[in-house]
Structures are given as structure tokens and as C-alpha cells.
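Heads up: the sequence lines are chains X and R, in that order. Reading the first sequence from the start, the letters are residues 0 to 267 in numbering that gives the first Met the number 0. Reading the second sequence from the start, the letters are residues 0 to 322 in numbering that gives the first Met the number 0. So the structure is just underneath, and the comments pick up after that.
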Amino acid sequence: MTPVLQARGLVKRYGHVTALDGADFDLMPGEVLAVIGDNGAGKTSLIKALTGALQPDEGEILLDGKAVRFRDPLEARRHGIETVYQDLAVAASLDIATNMFLGREIRKPGLLGTVFRMLDKRRMREESARHMADLKIGLRSLTQPVESLSGGQRQGVAVARAVAWASNVVVMDEPTAALGVKESGQVLDMIRRVRDSGTPVVLISHNMPHVFEIADRIHVQRLGRRVAQIRPGDYNMAQVVAIMTGAMQVKDGRTVVADQGAAEAIGL
Amino acid sequence: MAVMEATLPRRLITTPTAGPLAALLLACVFFSVNSEQFLTGGNFSLIIQQVMVVGTLAIGQTLIILTAGIDLSNGAIMAFGGIVMTKLAVDSGLPPLLAIAAGLAVCAAFGLLNGLLVMKISLPPFIVTLGMLNVVFALTHIYSQDQTVTDLPPAMTYLGQTFNLGGTNVTYGSLLTILLFLLFAYLLGQTAWGRHVYALGNSPEVARLTGIRTNRLIVGVYTVAGFVYGIAALLLVSRTGVGDPQAGQTDNLDSITAVVLGGTSLFGGRGLVLGTLIGALIVGVFRNGLQLMGVPSIYQTLITGILVILAVTVDQLSRRRNR
């Protein structure tokens, strides 16, 4: 099976700091892939490189097996890769339908659209309603400003927008970070629905229980590279944390304790 | 996910023009009761003539404030535009329409310059336009040699002429001002460009990540605003019949007053250009009504000041409630 999105040997340096040090990445069709790693492990840089928000110094990115190069986020979007950025997802004072279509507005047919550039607000509302319904996000009115929504609902709008436009991949950066228990559960349900509809999801998260609940596979990032690809069923959370921090290493599918003291400290 | 019902008071406070409109209507009722000359067609025509120059400047100001910027240079740009138009027509003998076009182009160019400085060097708009205010003010006086330009060709004052509307004489300039407000209400409310202006004012980073070309948008907004200042220059010239290098010196602040009174947030991303029309009319109605009641003009300034503080207080409180 060809990975939907793939990266080989990505390198990104900022002066003396190496954010990505030959990082690989593989996203398979129809899966939820969690990307985890300690602070400074290069998760964000990896995701930014994959979504066009930064340009790697070395390495290549392949979409459906073909090499691609994204100069900016817009170009990644044109290739069907949609990203839900943490805290930067929606324009607060604009309504839900406007946010769904921001940057991709639909104009009215005929002269009203071509000459007078008039937006087809009704059609955008109807399509937004359909997308929200697909994800089972119930909202009474699509004309209310996003700032009047709860955190979970806002995230819902951002996810719905990403899903509506993503033909290849949805990337979510800490989608549950700012949410309560119930709202997090709703977002996880949404991620499941996205996967079940056939679009693979990349989920960056610090929240181990969430990762274990939803991920099909886990990509562990450490010191600027991928140190392990594992299935949540094969390891428990403490082991995964040990891999993340370097206390344990995965070699040829077997785990090796690399740092006895550290491993004992976290209870292994 | 259930949605909490937007309660009525909340909705009133989030509709930014409801308050200003109520204030305008209340003021009209008050002055109608206290002065029998107030509620006449002729008086309303006069009020609109008195506010059309600042109102037009305030259209450009609204665009810029919606992007979370501010423009201190608009009055000065207008004065320069007026001098350029009139001097080219009178002293250089250019055909009036060509001179007007040159004036409009000069104003748009200063807007473009403001926009480029704000975008390229990421300087705060306050500082950029403060500097531009002084530059343009000086240029106006250098170019005009402090002389008022008189004996304008009739085409330049055409907008000051009147037509009869239901027994009331209305100037073409007033009509143009109203049409401009409607045009920008349409652009901001019904086109993608308008939606992008609001998104930019909410958060430039969100707008950029959504795929909006924010740099181009900022420069465009300042340039369009500059062009609108050019139209204000033409309105001013047609109303006063001269090119005056001293014109518009407090109009930058008056235009901000109109925007704020109209319920547009100085923090960007919230507000309506028709609110600005209401804001400009509030100032005009108070000034006119108090004059008719024989109140000394300094009290008009006092009341305008209090209204501005009230308006920003309401804005701040509504933002806090939305957090």
C-alpha cells in the first residue's frame, strides 16, 4: 500500500538549532496517525513542513507517491491537505458559514457573481449545514458569530471546515488541548467519523489517553527524527512515554531499555 | 453539540449599530421637540452637507480600522489632493476632469504608500500615518506656497450644486456621499473582499493560514481608502469653492469619531460602514440641533467627547462579555 503522505530525511535548521534531523514520516490510507514527542522533539516543525508552513532545508515529501513541494499553506491546501491549527482556526467575529468558506467563497451565478462579485450566502449556509450535519455537529444557527460558541463548538467548526475541503489528509494540531472532558470526547468522535469517511487524519497531541483511544498507529518523534512507529495495542502508555523520552528504544520491533534509571523512575 | 441560545440582550450588544441608531433617533426626537426648525427637509439637507466631507473620509477610516489599523493622515491627504486638483486646473491649465483624476491618483498613491509601510516594515499604522500626516501636511504647504487656490472652473464645483428632491434642495455631493456609503456597505457585506477585511481585523495569522493573501489585502485597503480621501477632497473643493491648504486639519480625528460613534471596534474586525454614516450623522445632528437651540458651540465639542467615550466603553464591555 502506498502511503498517502510520506516524508524522507527532512532536515530543518535554525542557526545552530536543528529542529528536524532527517525525519521520516508515513501516513497510510484511512488511518488515524498520532504524532507524539516531547517538547522540542520537532513535532511542530514536522507538521509545518508537511503542510507548507515551513520549507525544509533537505529531504523530500511525497503525496500519493509523487514528490511535492509546498511553498505556503495555500499550496498544501490545493493538494487536499487541510490543517486545523491550534488557537488559530477561526475568525471570531465572523459567522460559522463565513468561516467555513473563508478564502474559498462561492459567488452567485451569473452577472451578480461575475461582475458584482456578490457572495452566494445562502448556498454557503446550506453547504455548511450539510458539512456540520455530516460530523453530527448540531448548531441552531449558522449565522451566529463564532465567538458566541463554546470552545468545543468552535473546534467543531474548524474541523468541519478542514474535512469539507480535505481531499487527501486532515492534520490536527492539539485539537483537544483547550477543551473540557465532554467536548474532547466530541472532537474525538469527529475524528473517528472523518477516518470512517475515508480521509486519513494526522493528530498531534500531548494527551496520551486521547492518543490511545483514537490512534491506529503512533509516530514517536524524538530529537528531530522519528524514533518509532508503533501500534497502541502493542505497548502501554508508560512504555510509550519511555520511548518518547529515550528511556526505551525500539529496534527491529523489539524494545530495549536504554536508560535503566530513567525506565525505573517512570515505573517500568 | 447543543448551542446555547443567544439571548436578546446579548444579541443587542453584539449588533454594533443598534446602539448608535437608537442614539441618533433619540437625538432627532429631542431636537424636534426643542426646535421647530430642526425637523425640516432643508435642515436635514444642510446636516448632510455638513457631514459629507468627514463622512467620506470616515469611509476610508472604517476600512482601515476594520483591519485593526488607524489612519491619522487622511485629513492631510485630502487637503493635499484638493490643492493638487485645484492648482493643476487653475495654475497649470489642465482640463478640470484631468486635474480631478490627478488629485484622486495622488491621494490613492499616499494610501498605497501607507499600506506598503504598514505591510513591509510591519510598523504600527498609528506611527506610519502619524509620520505621513506631517509629510503630507508639509508637502501641501510647500506645493501651494500657503496660497488658497481660487477661481475654480465650474466642473470642479459641480458637486456643490443642488437638485430638487421632493421640495428640498439636495447637493449632488450629498447624493454621492450616500452612494459611496451604500457601495462600501455592499463591498464589505456581500463580497469575499469584505469578508477578508473582517477576517484580517480579527487575526492576521488566522486569515493568512486560511489562505487569504493578507499582504495584498492590507495594501489594497489602504490604497482604496486613499482613493476615497481623494473623493472627499473633491467634495470639499466643490463645497467651499476653493483649494485650501489649511483644510482638514482636525478631520482625521473627526473621522475616527464618526467611526467609533458608529459602533465599529478600534480593535478591528467588528463594525459596519453604515454605522459610520450613523456616527457621522450623530455628530452632525448634535452640532446642528444645539446650534438651533442656541447652545454655544463649545458645548457641542463637550458632548461629542462624552459620546465618544461612551461608545468605546460600550465596545470594550461587549468584547469583555464575549470572552
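Glycine included, each C-beta is placed from N, C-alpha and C at the ideal position. Everything numeric in this text was worked out from a predicted model, so none of it was measured.
Item: Please tell me whether, using a cut-off of 7 Å, the distance from the CB of X/Asn-98 to the nearest non-hydrogen atom of the ligand SAH is below it.; Value: Ligands displayed in this structure: none; no statement on the ligand SAH is therefore possible.
Item: Any beta carbon from chain R within less than 8 Å of X/Tyr-84's own beta carbon?; Value: yes
Item: Give every residue of the same chain whose Cβ lies closer than 7 Å to the Cβ of X/Gly-41, excluding the five residues on either side of it in the sequence, and list them in chain order.; Value: Ala-18, Leu-19, Ala-22, Gln-220, Gly-223
Item: Can you give me the C-alpha to C-alpha distance between X/Glu-104 and R/Val-89, rounded to a whole angstrom?; Value: 47 Å
Item: Buried or exposed: X/Gln-143, going by 16 or more other Cβ atoms within 10 Å of its Cβ?; Value: buried
Item: Could you work out which residue in R/Ile-64, R/Val-236, R/Asn-73 is closest to R/Leu-129 when comparing CA atoms only?; Value: R/Asn-73
Item: Taking its Cβ as the centre, do 16 or more other Cβ atoms sit within 10 Å of X/Ala-161, making it buried, or is it exposed?; Value: buried
Item: Tell me, please, whether the segment 111-123 of chain X touches the segment 56-63 of chain X by the rule of three or more beta-carbon pairs shorter than 8 Å.; Value: no
Item: Using the beta-carbon of each residue, which ones in chain X are nearer than 9 Å to R/Arg-215?; Value: What R/Arg-215 touches in chain X: nothing, since even the nearest Cβ is about 12 Å away.
Item: Please give me, in chain order, every unbroken run of the alpha helix (DSSP H) with length at least 4 that falls completely inside the segment 65-111 of chain R.; Value: 73-89
Item: Counting only beta-carbon atoms, is R/Ser-44 nearer than 8 Å to chain X?; Value: no
Item: I want to verify the contact list: residues of chain R whose CB lies under 7 Å from the CB of X/Ala-132, in sequence order.; Value: The premise fails here: X/Ala-132 is roughly 12 Å from chain R at the closest Cβ pair, so nothing lies under 7 Å.
Item: For the segment 205-213 of chain R against the segment 96-109 of chain R, are there 3 or more C-beta pairs whose distance is under 8 Å?; Value: no
Item: Taking the alpha carbon of X/Gly-151 as the reference point, which residue from X/Pro-199, X/Ala-165, X/Arg-106, X/Val-89 has its own alpha carbon closest?; Value: X/Val-89
Item: Skipping 5 residues on each side, what residues in its chain have a beta carbon closer than 7 Å to that of R/Val-2?; Value: Low confidence applies here, because R/Val-2 scores a pLDDT of 38, under 50, leaving its location unreliable; read the following figure in that light. Counting only Cβ-Cβ distances below 7 Å, and skipping sequence neighbours, we find nothing.
Item: Does chain X have any CB closer than 8 Å to the CB of R/Leu-129?; Value: no
Item: Name the DSSP beta bridge partners of R/Ile-297, please?; Value: Partner(s): none; R/Ile-297 has no beta bridge.
Item: Mapping the DSSP letters down to three states, classify X/Gln-248 as helix, strand or coil.; Value: strand
Item: Can you confirm whether the segment 260-269 of chain R touches the segment 27-45 of chain R when touching is taken to mean that 3 or more C-beta pairs between the two stretches lie within less than 8 Å?; Value: no
Item: Give a yes or no on whether 8 Å exceeds the smallest Cβ distance from R/Gln-189 to chain X.; Value: yes
Item: Could you spell out where the alpha helix (DSSP H) holding R/Asn-163 opens and where it closes?; Value: Looking at the DSSP string, R/Asn-163 is not in any alpha helix (DSSP H); the run it does join, the beta strand (DSSP E), is 161-164.
Item: Which of the residues in the segment 92-108 of chain X, read from start to end, lie with their CB under 8 Å from any CB of chain R?; Value: Ser-92, Leu-93, Thr-97, Leu-101, Gly-102, Arg-103, Glu-104, Arg-106
Item: Can you tell me which residues form a DSSP beta bridge with X/Glu-30?; Value: DSSP lists no partner for X/Glu-30.
Item: If you drop the 5 nearest sequence neighbours on each side, which residues of the same chain put their C-beta closer than 8 Å to that of X/Asp-195?; Value: none
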